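Q: Sharing a structure below in structure tokens format, with a few things to ask.
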Amino acid sequence: MPSEPVPPPPLRVHVDPERAAAYARETGYRGAGVPFAYPAVWLSAKAVRDAIAKVCEDAEAVPVHESQTFSYMAPLRFDEEYDLAVAFRSEETPPRLILDATVATLAGEPIARIETMLRIVPRAGLAGAAASLSGASS
Amino acid sequence: MSAPALPAPGDRLPEATIGPFDAEALQRYADVSGDDNPLHLDDDLAKMIGLAAPPVHGMKLFAFFESYLADWRPDLAVASISGKFVQPVLRGETAKLSGRVLRASPEDGVFVRLFAHGSARVPAIIGEATLRMRSGAGA
Chain A
0 MPSEPVPPPP LRVHVDPERA AAYARETGYR GAGVPFAYPA VWLSAKAVRD AIAKVCEDAE
60 AVPVHESQTF SYMAPLRFDE EYDLAVAFRS EETPPRLILD ATVATLAGEP IARIETMLRI
120 VPRAGLAGAA ASLSGASS
Chain B
0 MSAPALPAPG DRLPEATIGP FDAEALQRYA DVSGDDNPLH LDDDLAKMIG LAAPPVHGMK
60 LFAFFESYLA DWRPDLAVAS ISGKFVQPVL RGETAKLSGR VLRASPEDGV FVRLFAHGSA
120 RVPAIIGEAT LRMRSGAGA
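Just so you know, the protein sequences line up as chains A and B, in that order. Every letter in the first sequence is one number past the one before it in numbering that gives the first Met the number 0, and letter 82, counting from 1, is 81. Every letter in the second sequence is one number past the one before it in numbering that gives the first Met the number 0, and letter 87, counting from 1, is 86.
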């Protein structure tokens, strides 16, 4: 089973209007709000990436993005700050690392839950896993 | 004015095609998202694992479902959405989006099964979304 990294402390994140607009352009979003998948940019924060990288380094493996879920209780707002808390859990068969993230206002009001499931694929088996690498993301 | 009717179970969403996405588009997505995994950007690395070209970021494709759903029913808003990444869509390929309503009720919202197909028979992404009437849209 992959090790479970120590979760980073809650991250203070921000809906940057320019970055949100760029994200919308690259994902075909034409609405007036913040794209629902925009928090993906927060999950690429160094603290999160480093934690995933450590698990993969220990397992001599690479992360393959297997599934993604966003559930919203309220919409994100441009130029607002939020607290992003990330917890990790692992599964043994097959090896997976799952990120459970919550987005909350600075007053603690829950806004969104995000689940990111990563398959931990041994480097030696990577070529054989290529057929299912659609979301092979770091 | 009467509220818009909810879709019915079995209703199919009109198909839509996205892409193809070139290397510049993948680089732009990497830059804005922070997902700079070289697999999506490096031809040689993709070939090393048996892919003819770098795969499009799964999240980039997945995010297109939001506009796809909004084009179908702008009066409904996405409350939750999930996707399982099954097969790669490679740089230079298009993807076909499709969907079908599985359940719909005023209380629980509209539950839609979603698919993104690349060139393979197997879907690239299998998704599901729960939609709710936007406030002010009635129902």
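Built from N, CA and C at the ideal position, the CB exists for glycine as well. In this text, all values refer to a predicted model and were calculated from it rather than measured experimentally.
Consider the Cβ of Ile80 (chain B): report whether some Cβ of chain C lies at a distance smaller than 7 angstroms.
A: The question asks about chain C, but that chain is absent: this structure's protein chains are A and B.
Q: Does Tyr28 (chain A) come within less than 7 angstroms of chain B when only Cβ atoms are used?
A: Mapped onto the first sequence, residue 28 (chain A) falls at position 29. Taking Cβ atoms only, chain B reaches closer than 7 angstroms to Tyr28 (chain A), which makes this a yes.
Q: Indicate whether at least one CB of chain B lies closer than 7 angstroms to the CB of Glu17 (chain A).
A: Taking the first sequence and counting its residues from 1, one reaches residue 17 (chain A) at position 18. No - not a single Cβ of chain B is within 7 angstroms of the one on Glu17 (chain A).
Q: In the DSSP output, which residue or residues are listed as bridge partners for Lys95 (chain B)?
A: Translated into positions along the second sequence, residue 95 (chain B) becomes position 96. Answer is B:Thr16 and B:His116, bridged to Lys95 (chain B).
Q: Which residues bound the beta strand (DSSP E) around Met132 (chain B)?
A: In the second sequence, residue 132 (chain B) corresponds to position 133, counting from 1. First-last of the beta strand (DSSP E) with Met132 (chain B): Ile124 to Met132.
Q: Among B:Leu44, B:Ala76 and B:Gly126, which residue has its Cα nearest to the Cα of Lys83 (chain B)?
A: Within the second sequence, the letter at position 84 stands for residue 83 (chain B). Closest in C-alpha terms to Lys83 (chain B), from the list B:Leu44, B:Ala76 and B:Gly126, comes B:Gly126.
Q: Of the residues B:Glu14, B:Glu65, B:Leu38 and B:Pro105, which one's Cα is nearest the Cα of Ala22 (chain B)?
A: Here the question's residue 22 (chain B) lines up with position 23 in the second sequence. Ala22 (chain B) has its Cα closest to that of B:Leu38, out of B:Glu14, B:Glu65, B:Leu38 and B:Pro105.
Q: Can you tell me which of the three DSSP states Pro4 (chain A) falls into?
A: For the purposes of this step, residue 4 (chain A) is taken as the residue at position 5 of the first sequence. Reduced to three states, the DSSP call for Pro4 (chain A) is coil.
Q: Rounded to whole angstroms, how far is the Cβ of Ile97 (chain A) from the Cβ of Thr104 (chain A), which I believe are closer than 8 angstroms?
A: By 1-based counting over the first sequence, the position of residue 97 (chain A) is 98. By 1-based counting over the first sequence, the position of residue 104 (chain A) is 105. 24 angstroms between Cβ atoms; not a contact.
Q: If you draw a straight line from the C-alpha of Met132 (chain B) to the C-alpha of Ala51 (chain B), how long is it?
A: Residue numbering aside, residue 132 (chain B) sits at position 133 when the second sequence is read from its first letter. Residue numbering aside, residue 51 (chain B) sits at position 52 when the second sequence is read from its first letter. Near 42 angstroms, if we compare the C-alpha coordinates of Ala51 (chain B) and Met132 (chain B).
Q: Go through its chain and collect everything with a Cβ distance to Ser118 (chain B)'s Cβ below 6 angstroms, but skip five positions before and after it.
A: Here residue 118 (chain B) is taken as the residue at index 119 of the second sequence, counted from 1. Answer for Ser118 (chain B): Glu92, listed in chain order.
Q: Check the DSSP bridge columns for Pro109 (chain A) and list the partner residues they point to.
A: Numbered from 1 along the first sequence, position 110 holds the residue referred to as residue 109 (chain A). Among the bridge pairs identified by DSSP, Pro109 (chain A) is matched with A:Ala103.
Q: Find the residues of chain A that neighbour Val77 (chain B), judging by a C-beta separation of less than 7 angstroms, and give them in chain order.
A: Locating residue 77 (chain B) in the second sequence gives position 78, counting from the first residue. Near Val77 (chain B) (Cβ distances below 7 angstroms), the residues of chain A are Phe35.
Q: Straight-line CA distance for Ser43 (chain A) to Phe114 (chain B)?
A: Locating residue 43 (chain A) in the first sequence gives position 44, where the first residue counts as 1. Locating residue 114 (chain B) in the second sequence gives position 115, where the first residue counts as 1. So the two alpha carbons sit approximately 26 angstroms from each other.
Q: Output needed for Pro94 (chain A): all residues of its chain with C-beta closer than 6 angstroms, excluding positions within five of it in sequence on either side, in chain order.
A: Indexing the first sequence from 1 puts residue 94 (chain A) at position 95. Around Pro94 (chain A): Pro1 and Ile119.
Q: Compile a chain-ordered list of the residues in the region 24 to 40 of chain B whose CB is closer than 9 angstroms to at least one CB of chain A.
A: Ala24, Arg27, Tyr28, Asp30, Val31, Ser32, Gly33, Asp34, Asp35, Asn36, Pro37, Leu38 and His39
Q: Anything in the region 51 to 79 of chain B with a Cβ closer than 9 angstroms to a Cβ of chain A? List those residues in chain order, please.
A: Pro54, Val55, His56, Gly57, Met58, Lys59, Leu60, Phe61, Ala62, Phe63, Phe64, Glu65, Ser66, Tyr67, Ala69, Asp70, Pro73, Ala76, Val77, Ala78 and Ser79
Q: Put Phe110 (chain B) into one of helix, strand or coil per three-state DSSP.
A: Counting from 1 along the second sequence, the entry for residue 110 (chain B) is found at position 111. Strand, per DSSP.
Q: So which residues of chain B does Gly40 (chain A) contact, with C-beta pairs closer than 8 angstroms?
A: Translated into the one-based positions of the first sequence, residue 40 (chain A) becomes position 41. In the sequence on display, residue 40 (chain A) carries Val and not Gly. Listed along chain B, the residues sitting closer than 8 angstroms to Val40 (chain A) by beta-carbon distance are Val31, Ser32 and Gly33.
Q: Give me the Cβ distance between Arg11 (chain A) and Glu79 (chain A), rounded to the nearest whole Å; I'm assuming they're in contact under 8 angstroms.
A: Position 12 of the first sequence, counted from the start, is the residue given in the question as residue 11 (chain A). Position 80 of the first sequence, counted from the start, is the residue given in the question as residue 79 (chain A). Not quite, the Cβ-Cβ distance comes to about 11 angstroms (not below 8 angstroms), so this is no contact.
Q: I'd like to check one pair, Leu75 (chain A) with Val40 (chain A): are the Cβ atoms closer than 7 angstroms?
A: Your numbering for residue 40 (chain A) matches position 41 in the first sequence. Your numbering for residue 75 (chain A) matches position 76 in the first sequence. Against a cut-off of 7 angstroms, the Cβ pair of Leu75 (chain A) and Val40 (chain A) comes out as no contact.
Q: So, are the CB atoms of Leu60 (chain B) and Val88 (chain B) less than 7 angstroms apart?
A: Your numbering for residue 60 (chain B) matches position 61 in the second sequence. Your numbering for residue 88 (chain B) matches position 89 in the second sequence. Contact flag set, yes.
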